[in-house]
Structure formats: structure tokens, C-alpha cells
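Chemist:
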Amino acid sequence: MKKQSLTGEVFYPSEEVVQKALVKDWEAMDVEAKRDYPGFWGKMAEELHWFQKWDKVIDDSEKPFYKWFTGAKTNIVYNCLDIHVKTFRRNKLALIWEGENGDVKTFSYFALHRETCKFANVLRSMGVKKGDRVTIYMGRTPEIMIAMLACARIGAVHSVVYGGFSVESLSERIEDSNSKVLIVSDGAYQRGKIVPLKQIADEALQRCGTVEHCLVVKRTGIEINMEQGRDMWYHELMNLPIATQACALEIVDSEDPLFILYTSGTTGKPKAILHTHGGYMVGTYTTLKYVFDIHEEDRYWCAADPGWITGHSYIVYGPLLNGTTSFLYEGAPNFPYPNRWWSMIERYGINILYTAPTAIRGLMRFGEAWVNRHDLSSLRILGSVGEPINPEAWRWYHRVVGKEKCPIMDTWWQTETGMFMITPMPCVPLKPGSGTRPFPGIEMDVVDENGKSVKANEEGYLIIKTPWPAMIRTVYKDPERYKQYWEKYPGIYMTGDSARRDEDGYFWIIGRVDDVIKVSGYRLGTAEIESALVSHFSVAEAAAIGLPHEIKGNAIYTYVILKTGIEKSTQLIEELRQHVSHEVGPIAKPEHIEFVDSLPKTRSGKIMRRVLKARALGEDPGNISTLEE
Ligand code: WTA
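Each residue of the sequence shown is one higher than the one before, counting from 25 in our numbering.
This is the structure:
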């Protein structure tokens, strides 16, 4: 590819990388996609199987409720499993799994198809039907994938709750989705300890009344309570005669729901982002294929958790749609030693590693020697997601892990987008800290308050101008909340991020402009943390903000007004931190709690988090004219 002259620190792809890459000319692909983006996505969709073809690639008659591949009949699971079982991929490994304690399991496409069918039959036997919601709360084991795929196979809608969430978060999500079935594991190994998932679920189930059946996967063998009539063991169900491996696939409409996934929004409770079979399938298949340049012989590892969108799109669906071999690891990156990841890359011959900046920064801290003990020459492509990657971490990742030969795909996207939006491909010249440009067929911009494009290098709101196949369809049960994404500028999707674009058209993400905090790449809302604090008997009011943190990207700082008569003490601080951890999850535990007598508020009573943040950073709070006395 011709060397363009770009400004700043630029890493051009090697001849070797470009030679192998599926896309050698990004510009040509982009031009073609821009000329006719429905045509572009239609062409991508042709590579997948449909029981009936679409009438229209995109239907925009009810904006912003876009529909994709209308009239088509499909089921994402058919393209993830059934199709491969009919080819040479039948015996190819779909999944290699390593437990934190060293257990290993592998599944060929044939085996993953079999287990999925069996479990789908189990779910059907419990009365789960098309459109029913099923909540899944498990650690990183193959069964979480089997559970998701089994739901989708019968047209049920999965709602996965990340295993790092806790009692109130889980119960709220079960209740909101009205799930009658909950699938859990007894526990999950994490840093040598066991997270008691079933015990947390028991407490959550006491707070909500919808669940009739709780199916329990035995992972750790810890002592758990099994409630008669409600709780059943997965392995026992899978041995029943009803769990046959022949399971009719539910043929669904392209626009039928595939899953809901709760994520934190600007205000209030987490919202359930809804994705559908057809468009999501095309979006995740295409983006993974071209961005991570999937070749038949690859072994691909996305080190995220299946319980977040990264796991849904790029551990479960995208890789299976591409017929690739995925690796899944249960536990902590530094257990028992900081070389765990590097050892697994060497032992399994991983070619593609996709992770988050926080993990890179965490491992960087242990020094290069841990990495250098291992032969990482199998690695070809690296990836990053979840938050901006600081150039220092980028360079370390590139030099120490990738040995200066692996391009880094810094992918910007969201739960709502379902798929990569701003991302390089291996043939694209890289700049550390920038996700480069939007994927072909996607139009994005950086605009000011009035929706006008800002000048090069000026900060503004990051927006999306054209619809894309894996886009959010609605907020489950709350279409008004979905419309809010499109309200600030009509017809334009507001990402909630601020960004700038440099003179080469490269995007640089700055961060969230709303009350979402990205902690170690995890998306949390100030509202969730504040309501957990206020649910403690001693707290009258609370405010949460995110402040920069060297490893986590952001850390949670909270300000608490105690009820009258309650004594301030360090013991109470620890109790409140534990309380948030118990209610929301360990990922939401505040780094810092400060007792205050008042909080800065607007005259209408809204907490001015901006002022708190400025104060904590020793900065000027800017315009405070709306501040209450
Ligand atoms: C942030 C995660 C910078 C961003 C897939 C976005 C990023 C939010 C990047 C969505 C990246 C994600 N560079 N920032 N490569 N990727 N973000 O829904 O603020 O958990 O709006 O999806 O993460 O978080 P979510």
C-alpha cells in the first residue's frame, strides 16, 4: 500500500501484514461502501445463510426505529453452528477453554452444536418459548456460551448479567426483564478464590418474584443451597432423555430480538439495549472478519467477559459466525503469576489477542521479564477496547507483546452499536491512542453544540450520521428512552462521547460527556453507585464521579452526606464500600468516600458532578452560575 504522509507518530503496517490481510486497500473498500451503504451491507449479508432473503436491506420508514434485512428469515445460531457442522469445520475446534485452576475443555463445532441442541431442548421442556427472556449469571466457562446459544436457537431472548455484578444489580435486571428462568453457576474461580454466584443469586431471587426455574452449572463444587422445586442441576438435566441432540431450530424474522443487555445510561436505572438476529449477525460477522483479519487457521482470543457486549459480539457470535477457533480463559490475568496470559498464548498458539487498556496497564506494571519468558511469535494481530488507550500502554503492547510486528486494532464502539464503529484494519497506518477512522459504510463526525462539524483537532461531540446493521433497535420496554439517542440533533445518533479529529481524519476519543464512568473498561452509572449508597441506613445523600486512575482509567470517588446523628468514622467508610460492592458488585466499589455537609447542586436540585470533579482535581469549575447558594 502506498505510504501516505500522516502527521504525528505513525506506525505503518509491514509488507508481511498487508500481504496476508483480507483487505489490502482500505480506501477502495471505504469508497465503495460510501457510494451505497445498503448495497455494501447487502453484499456482506450474502456471505451468510438465510432461510428467506430480505425485501429491503434497510427500512427507514419509522425513524429512528430502523429495521434491517426486513422480510428475511434466519437464526443467528444456524450461521454460528449448523452451517459449520455441514462442512469440514465439523471437526474444527470452536472453543478451547482453560479454567483458572488449570482445567481444560475443548469443543469442536460438532460438540458445541450438540451441547447447544441438548440444552435448547432442556429449556424448551421448561416451557421457554420464542420471545421469552432468560437471565444468565455465570462465570467465564463454556456453559455460558452454550446457554446463550441455546436460548437463541429456540428464539428466546437472553439477558446476561456479568458475574462481577451483585445482588441488587442482578435482581433488578431479572425483574425488569421478567425472566422465568435463571441460569447460574455454583461459583466462579477468580484470583484463587471462589465467587459464590449461586449464593448471590439466592439473595437476588428473594428480592424479585419472577423466576420459576433456576438451572445450576456445577463449576467449583462449593456447598450451595438448592431450593426444591425451583433449583435444578444442569448436568442432571443434560442427562435426561429429553435432552436429545436433535433440536429443531426456531426460524425467526431478521428483526426478532436476539438478546437484551443492560448497560448504564446518563440517568436513572440501567437500560436494556435490544439487539436482533439479522442485522447484528451481519454487523458482527463482517467487522470481526475484516478488522481481526480472520483466517481459517487462526486461534483467536478475546479476553473480555461474555457478560458484556464485547463478549456477546466478539467472544460468542462474531467468532462462531466466522467459523474460527476461540480461546476462553476463566480467571485473573496474574494468577498464579503475572505470566499466566503469556503462558497461555504460547501453549495454545494464539494468533489474535483482543483485550482492554486496563489489562495491558495492569500487566505492564509487572515488567517485561514476565512476557519475555514466553514465545509469543504466534501473535499476528492485537486489539484494544473499552476506553482510550494511552500511548504509553499502546507502545508497550506493540513492542513487548507484539514484538513490533503486530498491528493494534483500537476499536471504538458501544453496547448500543453492537459492532466496531471506529477501528483500523491491519492495512491501515496506526497512531497510538487513535482508533483511526470509521469502518467502511459508517459515517461519523465531531460536532459542536449546534451540530456543526468542528475544525480539525477541536473537541466536540462524537456522533454517528448513518444507520448500521448491528445498531440498537430500542431500549426494551422503554422506546422513549431509545429516542433520546436521536433527539439532540434530529436523525443523528449521539454517542455520549467527546472526541476530536486530527488533520488526517483520525478520531481521538476523549471520554464520556455524561454520567457514565468507565472503570477498568466497565461501564457504570453514577446513579447506580449513588442509589446503592443511599440504600444504606446511614446515608442521606450521595454523589459519585470518576477521576483518572493509572491502571483503571477511572476510579470512583464518592461524596456522602450522613443522616443526622450518624458518626463519621473510617469504619463506616469501609462498611459503605462493602455495601456498594454487595449491592452493585465489586467492580463498583468506590475507591474513595468522603463525608461532606453539602453537595453542589443546581437550583433545580441536580448534583453538579462537574464541580465536584474540578474541586477534586484542583481545577477551575468553570461556569457555576446555575449553582444553588
Ligand atoms: C468507551 C464497550 C476509547 C466509550 C465496547 C464508549 C472507548 C463506551 C473505546 C462504551 C475505545 C469503548 N477508545 N473509548 N477503543 N471503546 N470506549 O457500552 O466511552 O461498555 O462510549 O461498550 O466505552 O462502553 P460499552
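Don't be surprised by glycine CBs; every beta carbon is placed ideally from N, CA and C.
Based on DSSP bridge pairs, tell me the residues matched to D84.
Modeler: DSSP lists no partner for D84.
Chemist: Restricting to Cα atoms, I'd like to know which of F351, S559 and E392 is closest to A551.
Modeler: S559
Chemist: Which of helix, strand or coil does DSSP assign to E565?
Modeler: strand
Chemist: Which residue marks the beginning of the beta strand (DSSP E) containing R524, and which one marks its end?
Modeler: Note, R524: beta strand (DSSP E), Y517 to R525.
Chemist: Spatial neighbours of N145 within its chain, please: C-beta separation below 7 Å, excluding the five flanking residues on both sides.
Modeler: I266, A267, T268 and C271
Chemist: For L641, count neighbouring C-beta atoms within 10 Å of its own C-beta (all shown protein chains included) and say buried if the count is 16 or more, exposed if not.
Modeler: exposed
Chemist: From what residue to what residue does the beta strand (DSSP E) around Y581 run?
Modeler: G577 to L586
Chemist: When DSSP labels each residue in this structure, what does T300 get in the three-state scheme?
Modeler: In this structure, T300 counts as strand in the three-state DSSP scheme.
Chemist: Tell me whether D329, by its Cβ, gets closer than 7 Å to a heavy atom of ligand 3.
Modeler: This structure does not include ligand 3; its bound ligands are ligand 1.
Chemist: Going by other Cβ atoms of all chains shown within 10 Å of its Cβ, with 16 needed for buried, is A564 buried or exposed?
Modeler: exposed
Chemist: Taking 7 Å as the cut-off, is the CB of S408 close to at least one heavy atom of ligand 1?
Modeler: yes
Chemist: Give the C-beta separation of E506 and I516 to the nearest angstrom, bearing in mind that I take them to be a contact with Cβ-Cβ under 8 Å.
Modeler: Note that residue 506 is Tyr in the sequence shown, not Glu. Contact between Y506 and I516 does not hold, since the beta-carbon distance rounds to 14 Å and is not under 8 Å.
Chemist: Sort out for me which residues DSSP pairs R497 with in a bridge.
Modeler: For R497, which the question treats as bridged, DSSP gives no partner whatsoever.
Chemist: Of the choices G589, V604 and W436, whose alpha-carbon is the least far from that of S522?
Modeler: W436
Chemist: Enumerate in chain order the residues of its own chain whose CB-to-CB distance from P412 is below 6 Å, with the five nearest sequence positions on each side excluded.
Modeler: I533
Chemist: Taking its Cβ as the centre, do 16 or more other Cβ atoms sit within 10 Å of T31, making it buried, or is it exposed?
Modeler: exposed
Chemist: Can you tell me the Cα-Cα spacing of R164 and C326, whole angstroms?
Modeler: Cα atoms of R164 and C326: separation of roughly 12 Å, rounded to the nearest angstrom.
Chemist: If we count the other Cβ atoms within 10 Å of its Cβ and call it buried at 16 or more, is P415 buried or exposed?
Modeler: exposed
Chemist: Assign K26 to buried or exposed, taking buried as 16 or more other Cβ atoms, counted over all protein chains shown, within 10 Å of its Cβ.
Modeler: The predicted position of K26 is uncertain, since its pLDDT is 46 and thus under 50; a value taken from the coordinates is nonetheless stated next. Exposed, since its Cβ has fewer than 16 Cβ neighbours within 10 Å.
Chemist: Report the CB separation of H336 from F283 in whole angstroms; it is logged as a contact under 8 Å.
Modeler: Indeed they touch by this definition, with Cβ atoms about 7 Å apart.
Chemist: Would you call the CB atoms of E607 and S190 closer than 8 Å?
Modeler: The Cβ atoms of E607 and S190 sit closer than 8 Å to each other.
Chemist: Of the choices K91, G155 and N578, whose alpha-carbon is the least far from that of W492?
Modeler: K91
Chemist: Is the Cβ-Cβ distance between T291 and D539 less than 8 Å?
Modeler: yes
Chemist: Let me make sure I understand the geometry here. Which of Y361, L403, L387 and T379 has the alpha-carbon closest to that of G373?
Modeler: L403
Chemist: How would you call G465, buried or exposed, if buried means at least 16 neighbouring beta carbons within 10 angstroms?
Modeler: buried
Chemist: Among G577, K625 and Y546, whose alpha-carbon lies nearest the alpha-carbon of Y583?
Modeler: Selected option, being the one with the closest Cα: K625.
Chemist: Quick check: does the Cβ of D528 come within less than 7 Å of any heavy atom belonging to ligand 1?
Modeler: Flag unset: Cβ of D528 not near ligand 1.
Chemist: What do you get for T588, buried or exposed, if any count of 16 or more other CB atoms within 10 angstroms of its CB means buried?
Modeler: exposed
Chemist: Looking at the strands, I want to know which residues DSSP matches up with R547.
Modeler: K542
Chemist: Can you tell me which of the three DSSP states T348 falls into?
Modeler: In the three-state reduction of the DSSP assignment, T348 falls in the coil class, being assigned neither a helical nor a strand state.
Chemist: When you compare the CB positions of G407 and F316, do they come within less than 8 Å of one another, or not?
Modeler: yes
Chemist: So, using beta-carbon positions, are A494 and M433 closer together than 8 Å?
Modeler: no
Chemist: Should G520 be listed as close to ligand 1, given that the test is whether its C-beta is under 7 Å from any heavy atom?
Modeler: yes
Chemist: So who's on the other strand from W532, going by DSSP bridges?
Modeler: R524
Chemist: From E40, S85, E86 and H108, pick the residue whose C-alpha is nearest to that of H73; which is it?
Modeler: H108
Chemist: Are the Cβ atoms of A579 and H573 separated by less than 8 Å?
Modeler: yes
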